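Okay, structure first, notes after.
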Amino acid sequence: MNASAASTVNGGISFWYADQPTPTPREPLAGDASADVCIVGGGYTGLWTAYYLKKAAPFLRITLLEQKFCGYGASGRNGGWLYNGIAGRDRYAAKHGKDAAMRLQEAMNATVTEVVETAATEGIDADIHHGGVLEVAYTPAQLSRLKAFHEAELAYGEKDRLLLGARETAARIRIAGAVGSSWTPHGARIHPVKLVTGLARAVEELGVVIHESTPVTEIRPKHAVTPYGTVRAPYVLRCTEGFTAALKGEKRTWLPMNSSMIATEPLTDAQWERIGWAGREALGDMAHAYMYAQRTADGRIALGGRGVPYRFGSKTDNDGRTQPATIDALREILVRLFPSLAGVRIDHAWSGVLGVPRDWCATATLDRSTGLGWAGGYVGSGVATANLAGRTLRDLVQQDSGQAGPTDLTTLPWVNHKVRKWEPEPARWLGVHGLYAAYRTADRRETSSHSATTDGLARLADRLSGR
Ligand SMILES: Cc1cc2nc3c(=O)[nH]c(=O)nc-3n(C[C@H](O)[C@H](O)[C@H](O)COP(=O)(O)OP(=O)(O)OC[C@H]3O[C@@H](n4cnc5c(N)ncnc54)[C@H](O)[C@@H]3O)c2cc1C
């Protein structure tokens, strides 16, 4: 373990809560109740859905039930990349045609702007910096993937994306060994907790009823069951992402995949001088076990990666605590990227869960025969996608209840997508751990071989996992 590890706060939900006032708990549900729409889960998905529904139809009685507090899940722990990626786009192109997938991509591009503008309208100061996303390569194989990725994004209609060489990359961020990068303007850095708590406040001010400390144990048509009472509503919308497995009957629906992060101490002006990063781009790489990072508003680097990918039996972490080995591994990545930070203190480390469907495709769905809806399975790209999901669930509910017809959103290819469940244990655990062991080995082999071709093990892992 690193010498500075003793001073690292581990867990406490996430670093993003460290500089925030402790949220005042909202009252739990007090007995049976009824509503027009019941939303389960107080992350971005549930809150955006409540926001857009209430804005569209102020007369609707909307109740949101949250097991702990709004922002307890990934929405209060993520890397703050608000960007235009959506899990499953290529698969949707294969199934519904390229044009349909291009419409989905265009909707995602617009979603980044939608979040930025709505936060401004609602007076939510989430440290948003609209500096785009920079994805870098530091091996020949990564460079080949980067170029292919860049071309693919252009083919999906991106016009302003730039392919940058080593020098142009260094002019933005000086990353050791970087040989190229791809930059898109469709991304922004955010402070995740400021967004989720601001959103909860805005939703409550609109008249949505939020009950916290209220775990839903079972969802069935027209019912959300909790230990404090049952909410009856014609529409019950499940927005529980990485925690979905804990609900009755949902054990194998979406796999809770871990992602872990560290945040450094605030860097000095001299340290920033060596690194650059004046554009505050969201930063990622083309490794198979990829990293993601941001320059925070208070001058730190927050960096994340996979860590231990999955806990046996679809378990989730204990309030964000992560393994010491994961903290060391993330620190190693940080120092590999920025060798001048070898002695930097890591102030905080944490982890969280994201939802992974068996085919790695995000969806927004409303079953019209039961009134049950859900959105998620975003894999690692949910900060912006949750907003598109919220607007889509709004349109689906309005369409089903006869208040509106089909819209541009209800006809997107990710709507009402169904997929089979994950395998039972121990196959699930073995499969996911095998997958990430293969990706790490492939990353190591690509680094040492200097080959420009993606390692065969990673290609095999992609095929077997259904990605
Ligand atoms: C460490 C980490 C880094 C990430 N980085 C990025 C990133 O930089 N960019 C990006 O696009 N995506 C990122 N993601 C993914 C992104 O954060 C999520 O996809 C997104 O926040 C999902 O929002 P959500 O509302 O669907 O789920 P969540 O935010 O997880 O919210 C679900 C909520 O439901 C509540 N809940 C669950 N079960 C119940 C129940 N039974 N009863 C009542 N309430 C319940 C939970 O307490 C939680 O508050 C990251 C995820 C993690 C974990």
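With the UniProt record's numbering applied, the sequence shown corresponds to residues 1 to 467, in that order.
Ideal Cβ placement from N, Cα and C applies to all residues, glycine included.
Predicted model only: the values in this text are computed from it and were never measured.
Selection from S182, A245 and Y17 that minimises the alpha carbon distance to R428: Residue A245 is the option with its Cα nearest to R428.
What residues match up with A349 in a beta bridge as DSSP calls it? N10 and I262
Could you check the C-alpha separation between T111 and R345 for me, to the nearest Å? 36 Å
Give the straight-line distance between the Cα atoms of F69 and A329, rounded to the nearest whole angstrom. 30 Å
Reducing DSSP to helix, strand and coil, say where P324 ends up. Note: P324 maps to helix in three-state DSSP.
Considering only heavy atoms of ligand 1, does any lie closer than 7 Å to the CB of K68? For K68, the distance from the CB to the nearest heavy atom of ligand 1 is below 7 Å.
For G177, the nearest candidate out of R420, T363 and L334 (CA to CA): L334
Hey, is the stretch 77–90 in contact with the stretch 359–377, meaning 3+ C-beta pairs nearer than 8 Å? yes
Along the alpha helix (DSSP H) that carries Y44, what are the first and last residues, could you check? Y44 to A56
Between W183 and V133, how many whole angstroms is the CB-CB distance? I'm expecting something under 8 Å. Yes, W183 and V133 are in contact; Cβ-Cβ is about 7 Å, under 8 Å.
Is there contact here, the stretch 371–378 with the stretch 238–255, by at least three beta-carbon pairs under 8 Å? Taking 8 Å as the limit for Cβ pairs, the verdict is that the stretch 238–255 does touch the stretch 371–378.
DSSP has I219 in a bridge; who is on the other side? A224
Buried or exposed (CB count within 10 angstroms, at least 16 for buried), Q105: buried
Determine the DSSP secondary structure at A188, reduced to helix, strand or coil. strand
Completely contained beta strand (DSSP E) runs for the stretch 20–107, where each covers 3 or more residues: 37–40, 62–65 and 81–83
Residue range of the unbroken alpha helix (DSSP H) whose run includes H433: For H433, the enclosing alpha helix (DSSP H) covers residues A427 to S449.
For N109 and S75, what's the separation of their Cα atoms in angstroms? 20 Å
Kindly indicate which three-state DSSP category D285 falls into: helix, strand or coil? It is a strand residue.
Let me check one thing: in DSSP terms, what residues is P256 bridge-paired to? G355
Look at the Cβ atom of V216, then the Cβ atom of V225, and state whether they are nearer than 8 Å. Going by C-beta atoms, V216 is nearer than 8 Å to V225.
Euclidean distance between Cα positions of Q323 and S260: 9 Å
Apply the 10 Å Cβ neighbour rule to F59 and answer buried if 16 or more other Cβ atoms are within range, or exposed otherwise. exposed
Three or more C-beta pairs below 8 Å linking the stretch 272–288 and the stretch 439–456: yes
Comparing C-alpha positions only, which one of L267, K55, L396 and D347 sits nearest to F338? L267
Count the other CB atoms within 10 Å of the CB of N84; is the residue buried (16 or more) or exposed (fewer)? buried
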